[in-house]
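Last residue of the sequence shown? That's 176 in this note's numbering, and every number before it is there in order. From the three backbone atoms N, C-alpha and C, an ideal C-beta is built for every residue, glycine too. If you're wondering where the values come from, they're calculated on a predicted model, not measured in any experiment. Please read the structure below before turning to the comments.
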Amino acid sequence: MWCQISGGEVIRTHSHPTSITIDGIIYPRQIFMDKAQLASFNILPYREERVDHRYYYSGAVSYEIGEDEVVGVYTKTSKDVDALKKGMLENVKQKASSLLSRDDWMAVRASEGGTAIPDAIKVYRVAIRQESNDKEAEIVALNTFAEVIAYQNCPYIETRKNEIVADNGDI
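In structure tokens:
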């Protein structure tokens with residue numbers, strides 16, 4: 006992207022190379038490949054500092070005009086902590102529900118007097134519910150905007166277990 010500057014103000018932004026008219030002369034879009042000629046026409050590279058829309062609403066853009074580039078900076082307003090927490094809680098519940106739904110048919114079958122749920126599946130389902138409850142409690146305990154951001158951006162280690170069956174049938 007590029008910005009055309011006049012009198013210390015941005016008068017136009019160009020999102021892609023296009024033909025431009027300057028002082029009555031039409032220049033082909035290839036002019037955007039010539040950084041020196043663009044600079045002579047007060048057209049500088051442009052970039053934007055984006056707002057993280059997970060946590061902020063964006064507002065008006067202001068331009069910081071430098072020697073060799075223009076930076077667009079949006080004003081931002083923090084989202085409500087309670088609304089963020091509500092969305093996080095819904096996400097945790099949805100994920101747990103999705104994981105549990107894979108073998109809900111076994112629970113229904115067992116409740117109707119059919120084959121019992123295998124112990125490994127029971128342990129798995131209990132672990133999913135416990136993890137979901139733990140995450141929900143952690144989210145409820147968040148009080149500040151900074152805590153919400155830190156919680157969502159905390160690195161974690163995922164542990165996956167593979168079931169291996171021996172030749173004799175042991176797991």
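If we count the other Cβ atoms within 10 Å of its Cβ and call it buried at 16 or more, is residue i buried or exposed?
{"i": "residue 170", "result": "exposed"}
{"i": "residue 9", "result": "buried"}
{"i": "residue 51", "result": "buried"}
{"i": "residue 17", "result": "exposed"}
{"i": "residue 121", "result": "exposed"}
{"i": "residue 101", "result": "buried"}
{"i": "residue 130", "result": "buried"}
{"i": "residue 25", "result": "buried"}
{"i": "residue 137", "result": "buried"}
{"i": "residue 153", "result": "buried"}
Round the Cβ separation of residue i and residue j to the nearest angstrom and send it over; I've been treating them as touching at under 8 Å.
{"i": "residue 94", "j": "residue 144", "result": "6 Å"}
{"i": "residue 54", "j": "residue 77", "result": "7 Å"}
On the DSSP letters alone, give me the boundaries of the beta strand (DSSP E) that residue i sits inside.
{"i": "residue 43", "result": "Residue 43 -> not in any beta strand (DSSP E); alpha helix (DSSP H) instead, spanning 40-45."}
{"i": "residue 24", "result": "Premise fails: residue 24 is in no beta strand (DSSP E) and is neither H nor E."}
Taking the alpha helix (DSSP H) that residue i falls in, what are its first and last residues?
{"i": "residue 134", "result": "124-145"}
Of the residues the options, which one's Cα is nearest the Cα of residue i?
{"i": "residue 65", "options": "74, 79 and 57", "result": "79"}
Between the stretch 80-87 and the stretch 145-164, can you find at least three pairs of beta-carbon atoms closer than 8 Å? At 8 Å Cβ cutoff, the stretches touch.
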